[in-house]
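Only one structure is covered here, and it is reproduced in the block below.
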Amino acid sequence: MRRRLATFLFAAVLSCVAFVTVSSCEGIHIDWKEYMIEPEPEPEPEPEPNEVESRALAFYFTGAWCTYCPNMAATLKKVNERLEGRLITVSIHKSDAYSIGFENDFCKKYSVVSFPSAVFNFEPTIFGNSETIIYEALSRHLESVEQPCGISVTQDADDPGKVEASIRIAGSGRYRIFAVLMQDGIRGYQTGKGDDYVFDYVVRELLTSPDGDELAASDGGPTLSEGAVVSWSARAEYARASDCYVTVAVLKENAEGRFVLNNAARSAR
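FYI, the numbering for the sequence shown is 167 to 435, going by this note's numbering.
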């Protein structure tokens with residue numbers, strides 16, 4: 167009898183141990199499965215708004231009579247390719263069919279006495295036809311503009327002669343706006359190249375003064391505040407404005423009191 171009781175108790179204990187062991191293993195197994203479940207991915211942060219890209223501007227002094235001017239035009243195109251499209255060229259013609267009368271003032275302003283010549287970013291320094299020197303100078307300028315203004319230029323779909331620009335001021339200060347109506351793909355005679363030369367970036371009309379027009383704050387004051395949005399509009403008189411586009415440059419007063427390029431943009435063509 168005692169032996170049977172002992173056997174029964176021993177079997178009961180084994181059953182309990184087995185139950186506890188199995189239960190414990192199942193518990194560990196369940197926890198392990200839950201641990202292996204990958205957590206829900208964190209939502210992607212909203213992308214930062216793109217910073218405004220700065221652009222450089224070249225006043226390219228040329229003429230259809232100028233034998234060496236096409237070389238300068240080709241150099242500026244190569245520099246623009248190296249700068250990934252961040253150079254805007256404005257061709258100022260003198261004493262040919264594409265002159266519009268304001269080029270003499272520009273030549274005096276920048277002391278241009280030989281052709282071809284190029285003046286960059288409204289600075290008085292004149293550069294010759296050296297791709298390396300021009301590229302390095304413009305690269306330094308683009309890197310130096312810490313706060314380029316955002317510029318949006320739009321031509322009226324029904325009236326291409328009418329243009330509007332919206333400028334978001336990046337840093338407080340005094341500003342001017344310069345604008346020209348321009349045309350690409352004009353075929354004509356060029357000394358040394360013949361009758362089928364293609365002229366690009368040709369100025370057809372000035373839409374501001376050569377020095378730029380002052381941009382005023384909403385209260386009429388001369389100083390614009392960071393973050394302000396300024397609107398500007400003009401109408402071109404050139405009869406074939408539908409074939410043209412508009413280039414706008416925003417100038418900012420520097421420490422020496424001169425207005426130099428802050429940024430530039432053009433309307434879609």
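The beta carbon of each residue, even a glycine, is placed where N, CA and C say it ideally should be.
Secondary structure at A222, three-state DSSP: helix, strand or coil? As a working mapping, residue 222 is identified with position 56 in the sequence shown. In this structure, DSSP gives A222 an extended state, which the three-state scheme calls strand.
Mind checking which residues open and close the alpha helix (DSSP H) that includes Y404? Position 238 of the sequence shown, counting from 1, holds the residue named residue 404. Boundaries for Y404: no alpha helix (DSSP H) harbours it, and the DSSP string shows neither H nor E there.
Express the C-alpha separation of Y363 and G121 in angstroms, rounding to a whole number. Residue 121 lies beyond the range of the chain shown here (167 to 435); nothing can be said about it.
By a C-beta neighbour count over all protein chains shown, 10 Å radius and 16 as the cutoff for buried, is A434 buried or exposed? Stepping through the sequence shown from its first residue, residue 434 is reached at position 268. Of the residues assessed, A434 falls on the exposed side of the cut-off, its CB having fewer than 16 other CB atoms within 10 angstroms.
Since Y301 is in the alpha helix (DSSP H), which residue starts that stretch and which ends it? On the sequence shown, residue 301 is found 135 positions in, with the first residue counted as 1. Residues 297–310.
Among residues of its own chain, excluding the 5 on either side of C235, which ones have a beta-carbon nearer than 7 Å to its beta-carbon? On the sequence shown, position 69 is the one that residue 235 refers to. Counting only Cβ-Cβ distances below 7 Å, and skipping sequence neighbours, we find T228, G229, F281, P282.
If you follow the alpha helix (DSSP H) that E247 is in, where does it begin and where does it stop? On the sequence shown, residue 247 is found 81 positions in, with the first residue counted as 1. That run of the alpha helix (DSSP H) goes 235–248.
Which residues in the same chain as C232 place their Cβ atom closer than 7 Å to its Cβ, once the five residues preceding and following it in sequence are excluded? One-based indexing of the sequence shown puts residue 232 at position 66. Annotation for C232: F281, P282, T357 place their beta carbon closer than 7 Å to its own, counting only its chain and skipping 5 residues before and after.
Please state if the CB of N287 and the CB of H259 are separated by a distance shorter than 8 Å. Your numbering for residue 259 matches position 93 in the sequence shown. Your numbering for residue 287 matches position 121 in the sequence shown. Not in contact: H259 and N287 (Cβ atoms no closer than 8 Å).
Is the beta carbon of F315 sitting closer than 8 Å to the one on N420? For the purposes of this step, residue 315 is taken as the residue at position 149 of the sequence shown. For the purposes of this step, residue 420 is taken as the residue at position 254 of the sequence shown. Just to set this straight, residue 315 is Cys in the shown sequence, not Phe. Between C315 and N420, the C-beta spacing is not below 8 Å.
Smallest Cα separation from F365: which of R248, T241, E247, Y264? Position 199 of the sequence shown, counted from the first residue, corresponds to residue 365. With distances taken between Cα atoms, F365 lies closest to Y264.
Output needed for A383: all residues of its chain with C-beta closer than 6 Å, excluding positions within five of it in sequence on either side, in chain order. Residue 383 sits at position 217 when you count from the first residue of the sequence shown. Non-local beta-carbon contacts of A383 in its own chain, meaning distances under 6 Å to residues more than five positions away in sequence, involve L390 in chain order.
Inter-residue Cα distance where the pair is Y385 and P290: The sequence position of residue 385 within the sequence shown is 219, counting from 1. The sequence position of residue 290 within the sequence shown is 124, counting from 1. The sequence as given places Asp at residue 385; Tyr does not occur at that position. Straight through space, the alpha carbons of P290 and D385 are spaced by roughly 32 Å.
Bounding residues of the alpha helix (DSSP H) (the contiguous stretch that carries N270): As a working mapping, residue 270 is identified with position 104 in the sequence shown. In the DSSP annotation of this structure, the continuous segment of the alpha helix (DSSP H) that includes N270 starts and ends at 269–275.
Looking at C-beta atoms only, is the number of pairs between the stretch 240–255 and the stretch 326–344 that lie closer than 8 Å three or more? Note that the stretch 240–255 does not touch the stretch 326–344; fewer than 3 beta-carbon pairs, one per stretch, sit closer than 8 Å.
Would you grab the beta carbon distance between V319 and R432 for me? Rounded to a whole angstrom, and I think it's under 8 Å. Here residue 319 refers to the residue found at position 153 when the sequence shown is read from its first residue. Here residue 432 refers to the residue found at position 266 when the sequence shown is read from its first residue. Indeed they touch by this definition, with Cβ atoms about 6 Å apart.
Distance check for C273 and S296, CA to CA, integer angstroms please. For the purposes of this step, residue 296 is taken as residue 130 along the sequence shown, with counting starting at 1. For the purposes of this step, residue 273 is taken as residue 107 along the sequence shown, with counting starting at 1. Computed Cα separation, rounded: 20 Å.
Which class does D409 belong to by DSSP, given the choice of helix, strand or coil? Within the sequence shown, residue 409 is the residue found at index 243, counting from 1. Reduced to three states, the DSSP call for D409 is helix.
Pull up the DSSP beta-bridge partners for I254, would you. Indexing the sequence shown from 1 puts residue 254 at position 88. For I254, which the question treats as bridged, DSSP gives the partners L223.
So is S257 buried or exposed if we call it buried at 16+ other beta carbons inside 10 Å? Looking up residue 257 in the sequence shown gives position 91. Taking every protein chain shown into account, the CB of S257 has 16 or more other CB atoms within 10 angstroms, so this residue is buried.
Specify the secondary structure class of A431 as computed by DSSP and reduced to three states. The residue you call residue 431 lines up with position 265 of the sequence shown. Reduced to three states, the DSSP call for A431 is strand.
Helix, strand or coil: how does DSSP classify W398 here? By 1-based counting over the sequence shown, the position of residue 398 is 232. Strand.
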